[in-house]
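In my numbering, the protein residues as written are 194 to 724.
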Ligand code: B12
Ligand code: SF4
């Protein structure tokens, strides 16, 4: 069977994992990516996006590949994008469409309502999709596959979720070929996960819902064996140019000390490529920090989220005592690790004083880089229930969130930032360069209020560029490559198609406009006859 995935511009490890399982069972898989130029979570400019629009090219590619099933991996921010794309595909092709990923997992009832969605997957997709494809190959769709919802005879079949994959080592390593074939930007940094799940359930995070979906009896946090992770990376290093590895685990230090010790020794010896990872303050220990440093970890992204213990405990459901937070920062620093911290501002219940405390905190505790994201709600997270109860969100607001409408990615300012908060975000781009005494004055007299607030994505690009050596700035590498590849591709196609319109240059000029049009896959692509 032939399965196509249609992707926004981000690499999805879930799609890579499903593709690997399908390929291992003899199916063919292709990925079609929308580069989302000027329309991603960082940068949005509609007129430019229209100019570099890619939908027609994707549909032309799909028509040529002629798949038996088309899958979309959907996060809330790009749910509307996925709907537009799926609707356009459905209007041209009669192929079943399946949605999966965190958005359909959290709000399947809404997603299945769409006429162009034939089925969806709640939770992990590897084995459900394989079973589906095998049943399609037998010519008889199995409508009882756990995790999948189907439309049938005007009704909806809602199958229950199956248990989580307890032993992740039964899975082949995620397939990267489909990403490599789709665009070079995907492999600018090698994405990997050594685990699934998180032991915490912060109120604003999807885990607060997904954990409940599976219930308390399930082992939610699962680590792969060290050997599997190292084999994947060693194999990848032979196949792809690998200059940076990003571990996307929610907390790599949640691994046991023995796992990290074994991993670090083998990583340093057999992979030896700088890497970055996320860590949670409550799992940081000196021993683990030293293991990560010895493995070649370039930087760790530490989830601080709020410098107020009260906010963490009462609003965020993050039980990290103040001492533990400062200790974690010192331990990581002493181990020689560079620290990037994640922080949230503008969350309901956070006081304005907390923002000042945050500035003072980072003036005392210097780190390599400070992210300061504007808060935003995600469907079904625990904070939504709190906000409904205290009246911060109306029923319509919740519907709008679940439909992925009016979303403002947190990197672009989130839902509810005041002018002062945006000035604070901008000030963070400079705070780490200024001496503590100057910062103290700026904070005491609130001089940051004189700053013109930069759009947060610009502040981030600017401060990342200054703070993180380009070689280790994986996010910038990916973005630069994506724009370079797709913009130059599009400009070249415009150029050649303009040249071909000149009758004495193009052979097909002699054959007339109608012949030219018929042979083009779409208005921007190259005419096959004279190419
Ligand atoms: C890695 C990661 C990133 C990476 C890579 C992109 C990505 N989104 O995967 C980066 C850093 C770029 C990133 C960016 C963002 N991310 Co992010 N990210 C993650 C993270 C940590 C891991 C995702 C992952 O690979 N999981 C492992 C795989 C195996 O699981 P999975 O993706 O769920 O896939 C399984 C199933 O969902 C299903 N499935 C998935 N796709 C499909 C498709 C089909 C057809 C089927 C049938 C099944 C299926 O099967 C898969 C295998 O079992 C998750 C948190 C988490 N732990 O899941 C957040 C998470 C996905 N990110 C989140 C957010 C908000 C963002 C940003 C919007 C943040 C921002 N900058 O503003 C951007 C959005 C960019 C984008 N286009 O996705 C939220 C999404 C919430 C929501 N409701 O949408 C999450 C859930 C974090 C959270 N704590 O809430 N992210
Ligand atoms: S620690 Fe991070 S990944 Fe885990 S629940 Fe909290 S925010 Fe989500």
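Note that CB positions come from ideal geometry on N, CA and C, so glycine has one too.
- Of the candidates 507, 457, 508, 457 places its Cα closest to the Cα of residue 485.
- The criterion of a C-beta distance shorter than 8 angstroms is not satisfied by residue 194 and residue 375.
- Between the stretch 501-512 and the stretch 670-678 there are fewer than three inter-stretch CB-CB distances shorter than 8 angstroms, so the stretches are not counted as touching.
- At a cut-off of 3 residues, not a single continuous stretch assigned as beta strand (DSSP E) sits fully inside the stretch 228-265.
- Inclusion of residue 397 and residue 441 in the CB contact set at 8 angstroms is not warranted, their separation being larger than that value.
- CA-to-CA, the gap between residue 559 and residue 625 works out to about 7 angstroms.
- DSSP places residue 571 in the coil class of the three-state scheme, outside both helix and strand.
- Not one heavy atom of the ligand B12 sits closer than 7 angstroms to the Cβ of residue 491.
- Setting aside the 5 residues that flank it on each side, residue 455 is surrounded in the same chain by 419, each with a C-beta closer than 6 angstroms to its C-beta; the list follows chain order.
- In the assembly as shown, residue 332 is an exposed residue. Its beta-carbon has fewer than 16 other beta-carbons within 10 Å.
- Only residues of its own chain outside the window of five on either side were considered, and among them 613, 616 have a CB closer than 7 angstroms to the CB of residue 642, listed in chain order.
- Taking the Cα positions, residue 228 is about 30 angstroms away from residue 490.
- Looking at the backbone, the Cα of residue 326 and that of residue 570 are separated by about 35 angstroms.
- Taking C-beta separations shorter than 6 angstroms and ignoring five residues to either side along the sequence, the partners of residue 460 in its chain run 488, following chain order.
- Of the candidates 311, 297, 295, 233, 311 places its Cα closest to the Cα of residue 261.
- DSSP, reduced to helix, strand and coil, places residue 491 within a strand of the structure shown.
- Membership of residue 695 in any beta strand (DSSP E) is not indicated, and neither H nor E is assigned to it by DSSP.
- Here the stretch 444-452 lies against the stretch 467-478, with 3 or more beta-carbon pairs under 8 angstroms apart.
- Per DSSP, the unbroken beta strand (DSSP E) holding residue 531 starts and ends at 531-538.
- Per the coordinates, the alpha-carbon of residue 423 lies some 15 angstroms from the alpha-carbon of residue 451.
- The DSSP-derived three-state label of residue 351 is strand.
- Apart from the 5 residues on each side of it in sequence, residue 481 sits with its Cβ closer than 7 angstroms to the Cβ of 446, 450, 453 in its chain, given in chain order.
- Taken from the Cβ of residue 211, at least one heavy atom of the ligand B12 lies inside 7 angstroms.
- If you draw a straight line from the Cα of residue 267 to the Cα of residue 205, it comes to about 10 angstroms.
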